[in-house]
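Q: Take this structure first; my questions come after.
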Amino acid sequence: MNYQPDRSKYPAKKADGTLDIDLTSGKYLKLWHGPNHPGITGNMSVELTVCGDEVIEGKVHVGYLHRGFEKLMERRSFIQCFPIVCRICVPEPDFNEYCYAAAIEELSGVVVPERAHWIRTMILEMGRINSYLMYLGGQAGALGQGVIGQWTTYVRDLMLDRFEELTGARIYHMFILPGGVRDDLPEGFKDRLEATLKEVDAVLKDVHDVMFKNAVFKRRTIGVGYIDPAWVDEYGITGPNARAAGVAKDVRKDQPYLVYDQLDFEPVVDHGSDIYTRADVRRRDVAMSVDLLRQILAKMPNEGPVMAKLPNVLHWQIPRGETYIRGECSRGEYGFYLVTDGSRFPRRVNVRGPSYTHAMTLLERMIVNTNISDVAALMVSLHTYPPEIER
Amino acid sequence: MKEELEKRVVKGPDGFEFEVEPLQDYYCAEAPKAHLPVYSKIVEGLFNWARSESIWILGFGTGCGAIEMRPLMTPRFDAYRFGIQWRPTPRQANLLMISGYLSVKTLKRAIRAYEQMQSPKYVVGLGSCTINGGMYWDSYNTIKKLDDYMPVDLFIAGCMPRPEALLAGFNDLKKIIKAGKAEGANKYAENFDWYKANQKSVIKDWDMPDYNW
Amino acid sequence: MHKLYENLGKIIPLGEMTLQRANLAFITLDRRYLRSALHHLRDVEGYSHLVLLTAVDWIEEDVFQLTYLLSNRTADVDVGLRVMLPRENASMDSIHDIWPTAATYQRELREMFGIDFPGSPRVNEEFILEGWQEIPPYRRDFDTKKYSEENFAHREGRVTKDPASHMKELLYPDRGQ
Numbered sequence: 000m001n002y003q004p005d006r007s008k009y010p011a012k013k014a015d016g017t018l019d020i021d022l023t024s025g026k027y028l029k030l031w032h033g034p035n036h037p038g039i040t041g042n043m044s045v046e047l048t049v050c051g052d053e054v055i056e057g058k059v060h061v062g063y064l065h066r067g068f069e070k071l072m073e074r075r076s077f078i079q080c081f082p083i084v085c086r087i088c089v090p091e092p093d094f095n096e097y098c099y100a101a102a103i104e105e106l107s108g109v110v111v112p113e114r115a116h117w118i119r120t121m122i123l124e125m126g127r128i129n130s131y132l133m134y135l136g137g138q139a140g141a142l143g144q145g146v147i148g149q150w151t152t153y154v155r156d157l158m159l160d161r162f163e164e165l166t167g168a169r170i171y172h173m174f175i176l177p178g179g180v181r182d183d184l185p186e187g188f189k190d191r192l193e194a195t196l197k198e199v200d201a202v203l204k205d206v207h208d209v210m211f212k213n214a215v216f217k218r219r220t221i222g223v224g225y226i227d228p229a230w231v232d233e234y235g236i237t238g239p240n241a242r243a244a245g246v247a248k249d250v251r252k253d254q255p256y257l258v259y260d261q262l263d264f265e266p267v268v269d270h271g272s273d274i275y276t277r278a279d280v281r282r283r284d285v286a287m288s289v290d291l292l293r294q295i296l297a298k299m300p301n302e303g304p305v306m307a308k309l310p311n312v313l314h315w316q317i318p319r320g321e322t323y324i325r326g327e328c329s330r331g332e333y334g335f336y337l338v339t340d341g342s343r344f345p346r347r348v349n350v351r352g353p354s355y356t357h358a359m360t361l362l363e364r365m366i367v368n369t370n371i372s373d374v375a376a377l378m379v380s381l382h383t384y385p386p387e388i389e390r
Numbered sequence: 000m001k002e003e004l005e006k007r008v009v010k011g012p013d014g015f016e017f018e019v020e021p022l023q024d025y026y027c028a029e030a031p032k033a034h035l036p037v038y039s040k041i042v043e044g045l046f047n048w049a050r051s052e053s054i055w056i057l058g059f060g061t062g063c064g065a066i067e068m069r070p071l072m073t074p075r076f077d078a079y080r081f082g083i084q085w086r087p088t089p090r091q092a093n094l095l096m097i098s099g100y101l102s103v104k105t106l107k108r109a110i111r112a113y114e115q116m117q118s119p120k121y122v123v124g125l126g127s128c129t130i131n132g133g134m135y136w137d138s139y140n141t142i143k144k145l146d147d148y149m150p151v152d153l154f155i156a157g158c159m160p161r162p163e164a165l166l167a168g169f170n171d172l173k174k175i176i177k178a179g180k181a182e183g184a185n186k187y188a189e190n191f192d193w194y195k196a197n198q199k200s201v202i203k204d205w206d207m208p209d210y211n212w
Numbered sequence: 000m001h002k003l004y005e006n007l008g009k010i011i012p013l014g015e016m017t018l019q020r021a022n023l024a025f026i027t028l029d030r031r032y033l034r035s036a037l038h039h040l041r042d043v044e045g046y047s048h049l050v051l052l053t054a055v056d057w058i059e060e061d062v063f064q065l066t067y068l069l070s071n072r073t074a075d076v077d078v079g080l081r082v083m084l085p086r087e088n089a090s091m092d093s094i095h096d097i098w099p100t101a102a103t104y105q106r107e108l109r110e111m112f113g114i115d116f117p118g119s120p121r122v123n124e125e126f127i128l129e130g131w132q133e134i135p136p137y138r139r140d141f142d143t144k145k146y147s148e149e150n151f152a153h154r155e156g157r158v159t160k161d162p163a164s165h166m167k168e169l170l171y172p173d174r175g176q
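For the record, the sequence lines run as chains A, B and C. Each residue of the first sequence is one higher than the one before, counting from 0 in numbering that gives the first Met the number 0. Each residue of the second sequence is one higher than the one before, counting from 0 in numbering that gives the first Met the number 0. Each residue of the third sequence is one higher than the one before, counting from 0 in numbering that gives the first Met the number 0.
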C-alpha cells in the first residue's frame with residue numbers, strides 16, 4: 000500500500016517554501032490546533048491549513064513552555080542544577096537526572112558504586128512504565144476511548160506511590176545525584192514493587208483486550224500516519240517510532256549503559272509503522288519493562304554502598320571538557336551534551352530530547368494529507384512532550 | 000498590528016465580495032464592565048452557592064502542574080464529586096488554572112483565554128512559580144508574579160502541589176465563592192488599565208486588541 | 000577512532016582530536032571542510048544519525064563552537080565535529096539538505112545564538128521566543144538575572160544566599176573567615 004501523500008492535487012509551493020494559495024478565496028481555511036486544545040500533547044500548537052477537512056499544510060509552533068534551562072544552568076553550580084534538571088521533562092523526569100549525573104561523573108571521574116547502577120536502572124524503568132501508561136491513555140483518549148485513560152492513570156498512580164515511598168515525591172524525584180543515588184531502598188520495597196507490577200500486568204491485559212481489539216480503534220489507526228523506514232536516519236527518528244518502522248534502534252541494546260548489558264531482553268520491533276503499530280510497540284514495551292524490573296529485583300546485589308564520596312559540592316570544579324551521554328527514554332534517545340570549562344558552573348548544557356525531531360520536522364511532514372480528526376491521534380502517536388523541545 | 004487584523008475585502012465561496020474589519024467584527028472595542036451584586040443577600044447567597052458547586056475548569060495545561068490534573072479526573076482522587084469538571088473551551092469554563100510557570104508567550108494566550116471566559120470567573124495559581132517565580136526566579140522568559148497580570152483568587156503552593164493539595168485548594172475556593180469574596184472578574188474590570196499596562200510591559204509585541212472576548 | 004581520524008585526514012585537513020571515551024571523540028575542523036566531512040561520514044563511514052547540532056559560546060576567545068554530533072549505531076561510536084566561528088556576524092552553511100532535521104536545530108541556533116544559516120527553511124521565523132528585542136539569550140554576554148529583575152515584577156520577601164557562605168555560617172558559626 001502506498002501511504003505517501005499525493006502532493007499533485009495540492010497547490011504548489013513558492014520559492015520561499017510557502018504554499019501558493021489564496022487564503023481569501025474561501026476554499027482554504029487556517030485552523031489553530033492548540034495550544035488550548037484537548038487533543039494536543041501539552042502546551043504546543045499546530046497551525047493547520049485545511050481544504051475541506053484535509054490538511055494541506057501544518058506548521059508546528061513551540062516555545063510556550065520555554066524557561067531557558069540551558070541558560071539558567073550556566074549560572075548555577077553543578078549541584079545546584081539538580082533541582083531544575085528534572086523539570087525539563089515532566090512525565091519522565093529521571094532521565095534528565097541520570098544523563099546529567101552521568102555526564103558530570105564522566106568529566107570529573109567519580110566512580111559510581113555497583114548497587115547505585117542497579118537502583119538507577121530500576122528507577123528509569125519505573126519512569127518508563129509511567130510515561131508509557133500516560134501515552135496509552137492519551138492515545139485512546141484521542142480516539143474517544145476515555146476509559147483506557149482511567150485505567151492507566153489508576154495504575155500509574157500506584158507506580159507513583161512506589162516512587163513516593165522511594166524518593167519522597169510523586170513527580171519530581173531528584174533521586175539520582177552524581178556519585179550514585181540519594182538513598183537506599185526502604186524495607187520491603189521489593190515486595191510492594193512486585194505487587195504493583197502485578198497490577199500493571201493486569202491492566203495491560205485489559206488495555207490489550209479493550210483498546211487493541213476494538214474495531215473502531217483498528218479502523219481509525221491501521222494504515223494512518225505511516226513513517227517510511229528511510230526517514231529514520233533523515234529525520235533522526237529514535238525509540239518506539241523507529242522500532243515500529245522496523246528499525247531495531249534501542250540505546251539499551253546498541254550502546255548498553257548502566258546494567259543493561261547484564262539483563263536479558265530483545266528490543267520490541269514491528270513493521271506496520273502506523274499509529275496502531277506504534278501503540279502496540281509501546282504496549283509490548285511496558286510488558287518488557289515489567290519483565291526487566293523483575294530481572295533487576297532478582298539480580299540486584301543486596302548489600303553495598305549506593306553513593307560515592309564526592310568532593311565538597313559547594314566548591315566543586317570540573318576540568319575543561321565536553322561529553323555526550325545518552326539513554327533510551329520512553330520516546331527515544333535522550334541525551335545531555337555537557338561542556339565544562341574548569342569553573343564551578345557548567346559552560347553549556349544542551350538537552351537532546353527525542354520530541355525535538357519527532358514533533359517538529361517529522362510531524363510537519365506527516366501531517367500533510369491527513370484528516371483534521373486524525374491530527375490529534377497522529378500527534379499523540381509520535382509520543383511527544385513539548386517541555387523537552389524548548390526546555 | 001498583525002496582517003489578519005487589518006481591514007480587507009474577502010471573497011466568499013459563492014463569489015460574493017464583502018468587507019471585513021476584524022477589530023470591529025470579531026472583537027469588542029469596549030472594556031469589560033463590573034457586575035456588582037445587586038440582588039438581596041439571600042438571592043446572591045443562592046447564586047454563590049450554585050456557582051461554588053459547579054466549578055468548570057478550562058483544560059489548558061499552561062505548565063508542568065497540568066500533569067497532576069489527570070489523577071484528579073480518575074476515581075482515586077475524583078474531583079468530579081465536588082462538582083468540578085474539565086471543559087475544552089473557555090466559553091464553557093469558569094475557572095482558569097494557571098498550572099505552573101507562565102512563559103511570556105503563554106501569558107499572551109492565557110490572557111486571551113481568561114478574557115474569553117464568561118463572568119463570574121476565577122483564577123487559581125498553582126505552584127510556587129506563579130507566586131514568586133519559584134525555580135525560575137532568574138529566568139528571562141517566565142513571569143514571576145501572576146497577580147500582576149490576572150486577578151488571582153487563590154494560590155496553591157508547592158512544586159508541584161499534590162492532588163490532595165489541589166482538592167484542598169478547590170474546597171478553599173468554594174468557601175471564598177460562597178462568602179461572595181471571589182470578585183476577580185470585577186476587580187479585573189475595575190482595574191482594567193492597570194492590568195493592561197502590566198501585561199503590555201511584559202509582552203513586548205502586543206499585536207491583539209486590548210479586550211478580545 | 001584513530002582509524003577514522005586517519006581515514007578522514009586523508010581527504011581533508013583536520014584539527015586536533017579529543018578522545019573523550021572509547022566510543023566518543025571530538026574532532027576540530029575548518030568550516031570549509033565541514034560539508035565534505037559530513038558527507039564522507041554519512042555515506043562512507045556509516046554515521047547516518049545526526050544526534051544534535053548545537054553551539055557553545057567561548058566569549059573569552061571570541062568564537063562560537065558549533066558541535067555536530069553524529070552517531071554510528073551499528074558500530075556503537077559517536078563523533079563530534081567542532082567548527083569554530085567568529086562571534087561577529089556569525090554565519091554558517093546550512094546542512095538541511097544532508098539531514099532535513101537539521102533545519103530545526105538551525106532555527107534554534109539562529110534565535111538563541113544569532114548564528115545565521117542562509118538558505119535553511121524558515122530559519123528567520125520565530126521559533127521559541129516571541130517578540131524578543133534583546134541580544135540572543137544563550138549568548139554569554141546576556142545576563143538573564145539582570146533581565147529578569149528589570150523586566151518582571153518580583154514579589155517582596157525572596158532572599159537569595161550564597162550556598163557556600165550560608166552553609167558555613169550554619170555549620171561552623173564559630174569559625175572566622
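C-beta: ideal position from N, C-alpha, C; glycine also.
On a CA-only basis, which of Lys-180/B, Ser-102/B and Gly-126/B is nearest Gln-198/B? Give me that one, please.
A: Checking every option, the nearest Cα to that of Gln-198/B belongs to Ser-102/B.
Q: By the 10 Å Cβ neighbour count, where 16 or more other Cβ atoms means buried, how is Arg-109/C classified, buried or exposed?
A: Flag for Arg-109/C reads buried.
Q: Among residues of its own chain, excluding the 5 on either side of Ala-241/A, which ones have a beta-carbon nearer than 6 Å to its beta-carbon?
A: The residues are Val-231 and Lys-248.
Q: Do we get a CB-CB distance below 8 Å when we pair Trp-193/B with the residues of chain C?
A: It does not; no Cβ of chain C falls within 8 Å.
Q: Per DSSP, which one or two residues make a beta bridge with Arg-347/A?
A: Answer by DSSP bridge pairing, in chain order: Val-338/A.
Q: Which chain C residues are close to Asp-232/A, counting only those with a beta carbon under 7 Å from its beta carbon?
A: Here the neighbours are Ser-47 and His-48.
Q: Quick check on the burial criterion: 16 or more other C-beta atoms within 10 angstroms. Buried or exposed for Gln-105/C?
A: Its Cβ being crowded by 16 or more others within 10 Å, Gln-105/C is buried.
Q: Identify every residue that forms a DSSP beta bridge with Trp-85/B.
A: BP columns for Trp-85/B point to Ile-56/B.
Q: In chain C, what lies closer than 8 Å to Lys-144/B by C-beta?
A: Going along chain C in sequence order, the residues near Lys-144/B (Cβ under 8 Å) are Phe-151, Ala-152, His-153 and Arg-154.
Q: Who are the near neighbours of Val-151/B in its chain, counting only those whose CB is closer than 6 Å to its CB and skipping five residues on each side?
A: So the qualifying residues of the chain are Val-122, Gly-124 and Leu-145.
Q: Does Gly-62/A come within less than 8 Å of chain B when only Cβ atoms are used?
A: For Gly-62/A, the answer is yes, since a Cβ of chain B falls inside 8 Å of its Cβ.
Q: Are Ala-101/C and Leu-28/C closer than 8 Å when you measure CB to CB?
A: No, they are not a contact pair.
Q: Does the beta carbon of Thr-152/A sit closer than 8 Å to a beta carbon anywhere in chain B?
A: It does: the Cβ of Thr-152/A has a partner Cβ on chain B nearer than 8 Å.
Q: What residues in its chain sit with their C-beta under 6 Å from that of Ile-176/B, if we drop five residues either side in the sequence?
A: Only Asn-47, Arg-50 and Ser-51 meet the Cβ criterion.
Q: In angstroms, rounded to a whole number, what distance separates the CA positions of Leu-257/A and Arg-20/C?
A: Near 16 Å, if we compare the C-alpha coordinates of Arg-20/C and Leu-257/A.
Q: Could you give the residue range of the beta strand (DSSP E) that holds Ile-155/B?
A: Note, Ile-155/B: beta strand (DSSP E), 153-155.
Q: DSSP three-state call for Arg-20/C: helix, strand or coil?
A: Strand.
Q: Between Pro-117/C and Ser-93/C, which are expected to be in contact by the criterion C-beta below 8 Å, what is the C-beta distance as a whole number of angstroms?
A: That belief holds up - the Cβ atoms of Pro-117/C and Ser-93/C are roughly 7 Å apart, short of 8 Å.
Q: In this structure, does DSSP put Lys-10/B in helix, strand or coil?
A: Strand at Lys-10/B.
Q: How about Asn-131/B: is its C-beta nearer than 8 Å to some C-beta of chain C?
A: By this cut-off, Asn-131/B is an interface position.
Q: Using a Cβ-Cβ distance under 8 Å, would Leu-80/C count as near chain A?
A: Taking Cβ atoms only, chain A never reaches closer than 8 Å to Leu-80/C, which makes this a no.
Q: What in chain A is Cβ-close to Gln-105/C, meaning under 8 Å?
A: The contacting residues do not exist; Gln-105/C stays about 11 Å from chain A at best.
Q: Classify Met-0/A as helix, strand or coil using the three-state DSSP reduction.
A: Bear in mind that a pLDDT of 44 at Met-0/A, under 50, signals an unreliable position, so the number given afterwards is only what the model happens to contain. Three-state result, Met-0/A: coil.
Q: So which residues on chain A does Thr-143/C lean against when the C-beta distance must stay under 9 Å?
A: Within chain A, the residues near Thr-143/C are Gly-67, Lys-70, Leu-71, Glu-73 and Arg-74.
Q: Please tell me whether Phe-94/A and Tyr-333/A are closer than 8 Å, where the distance is taken between their beta carbons.
A: Yes, they are a contact pair.
Q: Put Arg-191/A into one of helix, strand or coil per three-state DSSP.
A: It is helical.
Q: Just the C-alpha distance for Met-0/A and Ser-130/A, rounded to the nearest angstrom, thanks.
A: Per-residue confidence for Met-0/A stands at a pLDDT of 44, beneath the threshold of 50, marking its modelled position as unreliable; the derived number appears in the next sentence. Near 32 Å, if we compare the C-alpha coordinates of Ser-130/A and Met-0/A.
Q: If the cut is a Cβ gap below 8 Å, which residues of chain B does Gly-41/A touch?
A: Near Gly-41/A (Cβ distances below 8 Å), the residues of chain B are Gly-60 and Ala-65.
Q: By Cβ distance below 6 Å, which residues in the same chain neighbour Tyr-2/A in space, the five residues on each side in sequence not counted?
A: Note that Tyr-2/A scores 48 on pLDDT, short of 50, meaning its location in the model is unreliable and no value can be drawn from it.
Q: Which residues, in chain order, does the region 308-324 of chain A contribute to contact with chain C at a C-beta distance below 8 Å?
A: Within the region 308-324 of chain A, the residues whose Cβ lies closer than 8 Å to some Cβ of chain C are Leu-313, His-314, Gly-320, Glu-321, Thr-322 and Tyr-323, listed in chain order.
Q: Give the residues from the region 112-137 of chain C that approach chain A closer than 8 Å (Cβ to any Cβ), ordered along the chain.
A: Of all residues in the region 112-137 of chain C, Pro-120, Arg-121, Glu-125, Phe-126, Ile-127, Leu-128, Glu-129, Pro-136 and Tyr-137 have a Cβ within less than 8 Å of some Cβ in chain A.
Q: Quick one: is Arg-169/A near chain B, going by C-beta distance under 8 Å?
A: Arg-169/A counts as touching chain B.
Q: Taking the alpha carbon of Asp-340/A as the reference point, which residue from Asp-183/A, Glu-327/A, Pro-353/A and Trp-315/A has its own alpha carbon closest?
A: Considering only alpha carbons, the answer is Trp-315/A.
Q: So, using beta-carbon positions, are Pro-345/A and Glu-96/A closer together than 8 Å?
A: No, the Cβ-Cβ distance between Pro-345/A and Glu-96/A is not below 8 Å.
Q: Which whole-angstrom value describes the C-beta separation of Asn-93/B and Met-116/B, a residue pair presumed to lie in contact below a C-beta threshold of 8 Å?
A: Between Met-116/B and Asn-93/B the Cβ distance is about 6 Å, and since that is below 8 Å, they are a contact.
Q: Could you tell me the alpha carbon to alpha carbon distance between Leu-170/C and Asn-311/A, rounded to whole angstroms?
A: Whole-angstrom Cα-Cα distance: 14 Å.
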